[in-house]
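Numbering (this note's numbering), first residue to last: 1 to 594.
Structure (structure tokens):
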């Protein structure tokens, strides 16, 4: 009975932190609140206008007939607008705002402030990485398109006609990058070239961009369908396909030959400052440094290795740690032979996780999710899995990579599913999109340390959820955790110039059970995307520390469901905001219980 009363009290405390009840908080100064709200609205309108693909992803369809302008002039206009937004924010007295408005103020300051900080490095000169970029964004832009009637299709066709201009601007930016020495490293371009080669299609009907014209919704009259389909065939055949071929020619004949030899971000012009800024951006910690992050990684690798060794002893495996990794990478019992088998395994694991959610969360989102294979074009250089939230109101998708099945170990699948589906990225994304009484920028706001930290925390939560059925699956979880700890070491090692590509690959090979294929694609991903790999472990460590703090402070009154709801209550947040959020949760719970 006492436990039920305590749970009910904690539930009330938690609900008091929810944005939906922000009006029950101090309303703040009406004048400053209006200024803040207007600032948020102005920023979104400018952002959507300048980033039409992002607008479509946010469910805003006013700009569905175009692609972004990415010229140096357009980039300067973005920077000028962001600087003005920050100046307006500084004139708003934060302490006069309601608690929820103060959270929005802090998140907006981080989001726009980081755009201004990174703008000085002109990253737009390098608009792609190892497995994605502007070319891939365009090829799959139909997945976020909302095509319900003839007018929607006409706007989509207009966007297709804009592809040559958009590619020309990006190629021009890449040429400027070549001139300035701001390019992807030559050493990883073979994998990028394979992705680009896979984006070449002989016929319009083979191109993913044509798929909306293969089956029309009821809102498109029969009398319009043949005309729209013929128009799509012409624009894709005559403009889109030649544009991709032109980009491939530029990439192979010009970019690869002139790209830089170094792999370290610090070796770029202004590279040391650039990488330091990226470390702070991806960890969301203003005082984070490459050296500090590197040491955290070294310490975590040592800790996790001890746990892995313990499982090997429990299994009574005869051989070394290295022998055990070879066994995991090669024994047929851990692999399937068809893509459908892997997708069925992932789907079954996802449904098991679904069934356990009410024991660990009170607040669950309405939006469902599905499971599908990573598109064939992307798969060779892609990660093992990824979450695609789609447009607001649509089901999310857990993408599973079915390429090279002999590298997709089943003992890794539970951890992957927990991270990418539930309670990982789908849960956090869907909950954030269902927030009310918050500015629109927060519905899709994704600070990497919180987002990926939650995904990694979700993998560990699978222990309590009972989803690791065998020692091999638990070892797979530890291998994934070790992989993220190794990222702290190899990302900082690579980008400060202390580690070569081969050394980084060897570090993953020695410490994790990842396949050779995954080791290669992952290290190239870190080389091409400096700093992003740091988000996972740094975020997870903070969430775990906050959980331990809450457990210690609340003792027997600690409720795991209330804690998880508190973590996710405000959508994507920076780690400092999350810490303040949980401190408030703890203090409120203690005051009620006294």
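Beta carbons are placed, not taken as given, at the ideal position from N, Cα and C, and that holds for glycine.
Since this is a predicted model, take the numbers as computed values, not measurements.
Three-state secondary structure assigned by DSSP to residue i
{"i": "residue 472", "result": "helix"}
{"i": "residue 477", "result": "helix"}
{"i": "residue 384", "result": "coil"}
{"i": "residue 235", "result": "helix"}
{"i": "residue 369", "result": "strand"}
{"i": "residue 400", "result": "strand"}
{"i": "residue 185", "result": "strand"}
{"i": "residue 78", "result": "helix"}
{"i": "residue 260", "result": "strand"}
{"i": "residue 328", "result": "helix"}
{"i": "residue 531", "result": "coil"}
{"i": "residue 191", "result": "helix"}
{"i": "residue 113", "result": "helix"}
{"i": "residue 128", "result": "strand"}
{"i": "residue 453", "result": "helix"}
{"i": "residue 493", "result": "helix"}
{"i": "residue 219", "result": "coil"}
{"i": "residue 447", "result": "coil"}
{"i": "residue 155", "result": "helix"}
{"i": "residue 283", "result": "helix"}
{"i": "residue 375", "result": "coil"}
{"i": "residue 242", "result": "helix"}
{"i": "residue 515", "result": "coil"}
{"i": "residue 92", "result": "coil"}
{"i": "residue 406", "result": "helix"}
{"i": "residue 149", "result": "coil"}
{"i": "residue 98", "result": "coil"}
Member of the options whose CA lies at the smallest distance from the CA of residue i
{"i": "residue 50", "options": "40, 295, 67 and 391", "result": "67"}
{"i": "residue 264", "options": "255, 290 and 249", "result": "290"}
{"i": "residue 369", "options": "80, 569 and 387", "result": "387"}
{"i": "residue 394", "options": "57, 563, 346 and 285", "result": "57"}
{"i": "residue 420", "options": "215, 434, 372 and 392", "result": "372"}
{"i": "residue 539", "options": "432, 283, 509 and 588", "result": "283"}
{"i": "residue 266", "options": "231, 529 and 305", "result": "529"}
{"i": "residue 617", "options": "590, 39 and 429", "result": "Residue 617 lies beyond the range of the chain shown here (1 to 594); nothing can be said about it."}
{"i": "residue 166", "options": "74, 459 and 536", "result": "74"}
{"i": "residue 54", "options": "122, 133, 95 and 144", "result": "144"}
{"i": "residue 438", "options": "571, 162, 149 and 179", "result": "571"}
{"i": "residue 322", "options": "510, 338, 367 and 48", "result": "510"}
Bounding residues of the alpha helix (DSSP H) (the contiguous stretch that carries residue i)
{"i": "residue 335", "result": "No alpha helix (DSSP H) contains residue 335, which DSSP labels as neither H nor E."}
{"i": "residue 59", "result": "Looking at the DSSP string, residue 59 is not in any alpha helix (DSSP H), and its letter there is neither H nor E."}
{"i": "residue 252", "result": "Per DSSP, residue 252 belongs to no alpha helix (DSSP H) and is neither H nor E."}
{"i": "residue 175", "result": "163-180"}
{"i": "residue 389", "result": "Segment: none, residue 389 is in no alpha helix (DSSP H) and carries neither H nor E."}
{"i": "residue 211", "result": "Note, residue 211: premise wrong, no alpha helix (DSSP H); not H, not E."}
{"i": "residue 427", "result": "425-433"}
{"i": "residue 41", "result": "30-50"}
{"i": "residue 586", "result": "575-593"}
{"i": "residue 347", "result": "339-356"}
{"i": "residue 134", "result": "134-139"}
{"i": "residue 294", "result": "290-314"}
{"i": "residue 507", "result": "501-511"}
{"i": "residue 414", "result": "413-420"}
{"i": "residue 564", "result": "560-568"}
Residue interval of the beta strand (DSSP E) (run including residue i)
{"i": "residue 70", "result": "From DSSP, residue 70 is part of no beta strand (DSSP E); its letter is neither H nor E."}
Assumed close pair residue i, residue j - CB separation to whole angstroms, cut-off 8 angstroms
{"i": "residue 170", "j": "residue 70", "result": "6 angstroms"}
{"i": "residue 233", "j": "residue 478", "result": "Going by Cβ atoms, the distance from residue 233 to residue 478 rounds to 51 angstroms, so no, they are not a contact pair."}
{"i": "residue 402", "j": "residue 342", "result": "5 angstroms"}
{"i": "residue 441", "j": "residue 44", "result": "6 angstroms"}
{"i": "residue 410", "j": "residue 335", "result": "7 angstroms"}
{"i": "residue 97", "j": "residue 33", "result": "7 angstroms"}
{"i": "residue 595", "j": "residue 157", "result": "This structure does not reach residue 595, given that the chain is present from 1 up to 594, and the question cannot be answered."}
{"i": "residue 279", "j": "residue 488", "result": "Wrong, their Cβ atoms sit about 10 angstroms apart, outside the cutoff."}
{"i": "residue 209", "j": "residue 142", "result": "6 angstroms"}
{"i": "residue 425", "j": "residue 455", "result": "6 angstroms"}
{"i": "residue 260", "j": "residue 330", "result": "Incorrect: roughly 36 angstroms between the Cβ atoms, too far for contact."}
{"i": "residue 311", "j": "residue 563", "result": "With a Cβ gap of about 28 angstroms, residue 311 and residue 563 do not count as contacting."}
Residue-level contact to chain C via CB, residue i, 8 angstroms cutoff
{"i": "residue 43", "result": "Looking for chain C here will not work: only one protein chain is present."}
Whether or not the region 211-220 and the region 141-156 are in contact is what I'm after, with contact meaning three or more pairs of Cβ atoms, one per stretch, closer than 8 angstroms; do they touch? yes
Contact between the region 103-115 and the region 569-589 (3+ Cβ pairs under 8 angstroms): yes
Would you call the region 492-503 and the region 243-254 in contact, with 3 or more CB pairs under 8 angstroms? no
Is there contact here, the region 555-570 with the region 579-590, by at least three beta-carbon pairs under 8 angstroms? yes
For the structure I just gave you, are there three or more beta carbon pairs, one from the region 445-459 and one from the region 373-386, closer than 8 angstroms? no
Could you say if the region 185-196 and the region 118-133 meet the contact criterion of at least three C-beta pairs nearer than 8 angstroms? Yes, since at least three Cβ pairs between the region 185-196 and the region 118-133 fall closer than 8 angstroms, the two stretches touch.
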